[in-house]
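Read the structure below first, then the notes.
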Amino acid sequence: MDNIAGKRTGLSLVTHLATLVLVIVWIVPTLGLLITSLRDQDAISQTGWWRALQGAPQPYVLSIPVDDQVQRDGLWVLETNVFAGPTGEALPDDILDRSRVDAFGTSRLRGPTTEPGETVETRDGVTVTVEANGDLRAAAPERMTGQLVLPMALVAPPQLTLDNYAEVLTDMNTAERQQARSMGQQLDDMLFSDEALFGPFVNTMTVAIPATVIPIVIAAFAAYALAWMDFPGRGLLIAVVVGLLVVPLQLAFVPLTIIHGWLGIGKSFLGIWLAHTGFGLPLAVYLLRNYMVGLPRDIIENAKVDGATDFQIFTKIVLPLSFPALASFAIFQFLWTWNDLLVASVFLPADTDSTVMTRFVVTNLLGSRGGEWHILAAAAFVMIAVPLLVFFAMQKYLVRGMLAGSVK
Amino acid sequence: MAQLVLQDVRKRFGKVEVIHGVDLEVKDGEFVVFVGPSGCGKSTLLRMIAGLEEVSGGDVVIGDERMNEVAPSDRGIAMVFQSYALYPHKDVYGNMAFALRHAGEDKKVIDERVRKAADILGLEDLLKRRPKELSGGQRQRVAIGRAIVRDPAIFLFDEPLSNLDAALRVQMRVEILRLHQRLKTTMVYVTHDQVEAMTLADRIVVLRDGRIEQVGTPLELYHHPKNQFVAGFIGSPRMNFLPARAAGEGRVTAAGSGPIEMPVEPRAEAGELTLGIRPEHVEMVAPGQGTVAGEVLVAERLGGETFLHVELDGKETVVVKADGGVTQKPADRVGLRFPPEALHLFGGDGQAFARRERQGVIA
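Listed in order, the protein sequences are those of chains A and B. Under UniProt numbering, the letters of the first sequence match residues 1 to 408, in that order. Under UniProt numbering, the letters of the second sequence match residues 1 to 363, in that order.
Take a look at the structure:
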C-alpha cells in the first residue's frame, strides 16, 4: 500500500511481466489437467484439451432416402437436412443435438474429404452439396434410386463429464457401477474397494491434517519461548534447532522405526504423525521464532505492563500477529505431507487400508493403467484439488501488512 | 509523601554497569522529566521503574513498597511507549480495555472507564477503529488512553512524542500538560528534547552516562546549572563557553576581554576556568565598546529573532540572540557586552561556581 504514490520504475514493469509469465506458466497446465480430466476417453486421444470446446469430429456413414426428390429445370433435385427425418433418427442423441458437419464425401473408401459448402459429384453423376448445418442438396439428370450413401465427419458438441472422477474414485465405469448396484453394492462399498482412489484420498487426509496441525501447535509454543522468554540455554537451543534444519530425514528412518517398535506404535497413522511432526518441527520452530522475534518488543512489554501473563501474551497478542507465519508454514507442511511418498512408505503399513494417494498412484495407476489418460488426469486433479483449496484459503493471510499501524 | 523513591539504583548488563547508583525522590503528583543525550540511561532507568528491566542493585520503591521483584502489572504503573505499541489486531476500544480485561474487571466497569478515558482524550468517535486507520496523533492518544484506564499511581512516558511531527508534538505536549493538571497523577517522562523537558516538568532530572548530573526545577537548571554539562544541555541555543583566566579579586579575563567582575561565590581553583553566557544574555553594542569584539560569521534570521554567530578576535565563536530586525551582516564588526549578572563560571573540573543571585529559585 505504501508505494502507490511512488514513481513507477522500469523495475515494476519487469515485475509485472514476470508475474504475468508466472501466472500463465501456472494456469495453463493446471487448466489443461482439469479440462483433460473432464473429457471423454476418446476425445482425449483425438484432440488436445485446448480444443475441448470445439468438440471432436467423428466419422459416420449416412444413408439418405431419396423419396422426396422433385423434378426441377430438367434435373431431379433432393433437398433435405441430414439431422432431420429418418437419417437423423439413426444418429446418437449427443450427435443430433447442436452438432455440425465437419466434412463429407461421396466415397466410403476415401471417407469425408470435402469441406462443407463445396460441391462434389458421385460416380453415378449426382452432384452433392452439404452445408455445415446439415442442409443437403443433391441433383442428378436421372431420377435417383435407392439411397444416397455419404460418409460424413460429424462434430459432437463438447462434452465435459465427471465420469472420469467417478471411475477413478470407485474403480468402476458407468456400466460396472450399474451392475454393482444391481448386485446390491452401496456407494461406500464402491468407494472403499481395494482398487478405488477414494480410500487413499481419505488416508492422505488422515496423514496430512494432523501432521500439519501438531507441529504448528508445538512449534508456536516453542517459538514464543525461544523468542520472548529469558531462560538459560536459550541461545544453545536455537543453535540446535538451526542445526537440525540440515539433518537429512533419511538418517532417522532406522532409529525411528526401531523406537516406534519399542514403544508399540509400530507402523501406523500415529507413527507417521509423530514422524512428520519431528521432521517438520525444526523448520517450523525456526520460521516462527524468526517471525515472532521480529514483532515489536514494545507491544509485548506493554502487554506485560497491562498485566498479561506469558501465556496470555502468547495467545492474545503473539499468535494473532503471527498468523502470516503460521499460514505460510501450514501451507508448506501440508503440501509436503500431502505429496510425501517416502515417509509414508516407511512409517505406514503396506496393507491397502492405509495406502496414501502417492503410493496408490505409483503402484496401481502408473503400472497397470499408465495409458489411461482420463484416469490419470482425474487422479492427478483429485490429488492437487486439496492443496489448491488450502492455498487459496490461506493466501490472504500471507499478505504482509498485518502490523500496519501498531508502531510508528 | 514520596511516591517513587530510587535508592542507589544500579543496572549492569553483564559486566558493564550502565546506571551507576541513582538516588531520586519523586513527590506525589509531581511531573518529573528525565532528560539527557542518547545513551545516558534515561530509558533504562524508566524501564527499571516499570519493571521491564531487572534492577541489578539498589531499591525501587513505589508508594511504600519495595518493588524490585514485583511484576510490572502489579506496580501500579502505566507506561506509554515511544512507538505507541498499540495492539494492531484490536480496535481502539479493545486496546484500551485489554489491561482491565486481564485484571478481571466487570464488563460494566471496563466500559465506563474506557468511555471516560476516551472522553478525556477526544477519542469517542474512534473506538471502533483499528490502529492502522488512525493518524499519528490519534495513535498516541490511544496509547495514553490505554494508560489512563488503568488508573495508575504513576504514569511512565518513554519519549512519547518523538515519532510525531513538529506541529503535532507541540499540540500533544500541551495535551499532556493539561492531562497532568486534570489527573494530578505522578508522571515520569523521558525525553532527549530539552524544550519538552523545560515546558513539561515540575522537576527535571539531567542524566549523563548513567549518573544524575542535576535535579531541579526548569528555572533552577537554567539559572543555576551545577556544571558545564547541564549548562550546555539546558537552553537553546546552547550556552556559549569561553576559556577564562583568573584575574584576582573575583574577576576573570576571557577572549581578550578586560577583567570581568563575576557574580559567583569565590572558590579556590587552580586550573583552567570556563566562562559561560547564554546567547539571549549577550548584548550587542557598537564595535570597540562592550566586553569583547568580533566579526559576524553567519546570521540566522528566524523573523522574530536573529542568531548571530560572532567570531571573536581570539577565534572563539559566540552565538548572540538578537532582535529580528538587526542589520548586521556577515563580515560586519560588532562589539559584545556580557552583563556581569548573567555570567556563569565553571572550574577546570566542569563544576559551576555558585552564583550569588538566587533568581529562578521558587521557594
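Where is the CB? At the ideal position from N, CA and C, for every residue including glycine.
Neighbouring residues, chain A, relative to residue i (Cβ below 7 Å)
i, result
"phenylalanine 98 of chain B", "Asp306"
"alanine 50 of chain B", "Val305"
"isoleucine 62 of chain B", "Within chain A, no residue comes near isoleucine 62 of chain B; the closest Cβ sits about 13 Å away, beyond 7 Å."
Cross-chain neighbours of residue i in chain B, by beta carbon under 8 Å
i, result
"aspartate 298 of chain A", "Phe81, Gln82, Ser83, Tyr84 and Ala85"
"residue 411 of chain A", "The question about residue 411 of chain A has no answer, for chain A in this structure spans 1 to 408."
"glutamine 312 of chain A", "His102"
Contacts that residue i makes with chain A (C-beta to C-beta distance below 9 Å)
i, result
"isoleucine 148 of chain B", "The contacting residues do not exist; isoleucine 148 of chain B stays about 13 Å from chain A at best."
"proline 72 of chain B", "Glu301, Lys304, Val305, Asp306 and Gly307"
"isoleucine 77 of chain B", "Val305"
Partner residues on chain B for residue i, Cβ-Cβ distance less than 7 Å
i, result
"proline 324 of chain A", "Under the 7 Å cutoff, chain B gives no residues; its nearest Cβ is about 12 Å from proline 324 of chain A."
"isoleucine 24 of chain A", "Result: empty, since nearest Cβ-Cβ is about 34 Å, beyond 7 Å."
"isoleucine 317 of chain A", "Tyr87"
Contact list for residue i against chain B, beta-carbon separation under 9 Å
i, result
"leucine 321 of chain A", "Tyr87, Pro88 and His89"
Supposed contact pair residue j and residue i - C-beta distance, whole angstroms, cut 8 Å
i, j, result
"methionine 262 of chain B", "leucine 345 of chain B", "5 Å"
"leucine 45 of chain B", "phenylalanine 34 of chain B", "6 Å"
"residue 423 of chain A", "alanine 132 of chain A", "This structure gives no information on residue 423 of chain A, because the portion of chain A shown stretches from 1 to 408."
"alanine 352 of chain B", "proline 225 of chain B", "6 Å"
"glycine 136 of chain B", "leucine 164 of chain B", "5 Å"
"lysine 267 of chain A", "phenylalanine 392 of chain A", "The pair is not a contact, with the Cβ atoms about 34 Å apart (cut-off 8 Å)."
"proline 72 of chain B", "proline 131 of chain B", "Not really, about 22 Å apart at Cβ, beyond 8 Å."
"leucine 78 of chain B", "leucine 177 of chain B", "The question names leucine, but residue 78 of chain B is alanine in the sequence shown. Wrong, their Cβ atoms sit about 18 Å apart, outside the cutoff."
"threonine 302 of chain B", "glutamine 328 of chain B", "Looking at the sequence shown, residue 302 of chain B is not threonine but leucine. With a Cβ gap of about 15 Å, leucine 302 of chain B and glutamine 328 of chain B do not count as contacting."
"threonine 191 of chain B", "glutamine 228 of chain B", "With a Cβ gap of about 21 Å, threonine 191 of chain B and glutamine 228 of chain B do not count as contacting."
"serine 99 of chain A", "alanine 156 of chain A", "6 Å"
Residues sharing a beta bridge with residue i, DSSP
i, result
"leucine 156 of chain B", "B:Met79 and B:Val188"
"threonine 315 of chain A", "None, per the DSSP bridge assignment."
"leucine 11 of chain B", "Before going further, note that residue 11 of chain B is lysine rather than leucine in the sequence given. BP columns for lysine 11 of chain B point to B:Ile19."
"leucine 308 of chain B", "B:Ala299 and B:Val320"
"leucine 345 of chain B", "B:Leu275"
"tryptophan 49 of chain A", "Beta-bridge pairing links tryptophan 49 of chain A to no other residue."
"aspartate 135 of chain A", "A:Asn81"
"serine 63 of chain A", "A:Val149"
"glutamate 283 of chain B", "B:Arg337"
"glutamate 261 of chain B", "B:Arg251"
"residue 365 of chain B", "Nothing can be reported for residue 365 of chain B: it is not among the residues displayed for chain B, which extend from 1 to 363."
"asparagine 163 of chain B", "In the DSSP output, where bridge partners are listed per residue, asparagine 163 of chain B has none listed."
"residue 367 of chain B", "The structure shown does not extend to residue 367 of chain B, since chain B is modelled only from 1 through 363, so no value can be given for it."
"alanine 244 of chain B", "B:Ala254 and B:Leu273"
"arginine 150 of chain B", "Arginine 150 of chain B pairs with nothing; no bridge assigned."
"asparagine 227 of chain B", "B:Gln351"
"glutamate 121 of chain A", "A:Thr127"
"arginine 262 of chain A", "Per the sequence shown, residue 262 of chain A should be read as tryptophan rather than arginine. Answer is none; tryptophan 262 of chain A lacks a bridge partner."
"proline 57 of chain A", "A:Val155"
"glycine 233 of chain A", "None; glycine 233 of chain A has no bridge partner."
Problem set entry | Proximal residues, the region 184-203 of chain B versus chain A, C-beta separation under 8 Å | none
Exercise. Looking at chain A, which residues of the region 142-168 of chain B have a Cβ within less than 8 Å of any of its Cβ atoms?
Worked result: Arg146, Arg150 and Asn163
Exercise. For the 8 Å Cβ check, are there 3 or more pairs between the region 235-245 of chain A and the region 277-296 of chain A?
Worked result: yes
Problem set entry | Contact the region 181-198 of chain B vs the region 22-39 of chain B: 3+ CB pairs below 8 Å | yes
Problem set entry | Cβ pair count under 8 Å reaching 3, the region 322-341 of chain A against the region 356-372 of chain A | yes
Exercise. Any contact of the region 268-285 of chain B with the region 326-343 of chain B, i.e. 3+ C-beta pairs under 8 Å?
Worked result: yes
Exercise. Between the region 106-120 of chain B and the region 307-322 of chain A, are three or more C-beta pairs nearer than 8 Å?
Worked result: no
Problem set entry | contact_flag[the region 206-219 of chain B, the region 251-258 of chain B] where n(CB pairs < 8 Å) is 3 or more | Cβ pair count under 8 Å is below three, so no.
Exercise. Counting Cβ pairs closer than 8 Å, one from the region 6-14 of chain B and one from the region 378-390 of chain A, do we hit at least three?
Worked result: No, the region 6-14 of chain B does not touch the region 378-390 of chain A.
Exercise. Should the region 308-321 of chain B be called in touch with the region 285-300 of chain B, which here means at least 3 C-beta pairs below 8 Å?
Worked result: yes
Exercise. Is the region 188-202 of chain A touching the region 165-179 of chain A, taking contact as three or more C-beta pairs under 8 Å?
Worked result: yes
Problem set entry | Contact between the region 368-377 of chain A and the region 21-29 of chain B (3+ Cβ pairs under 8 Å) | no
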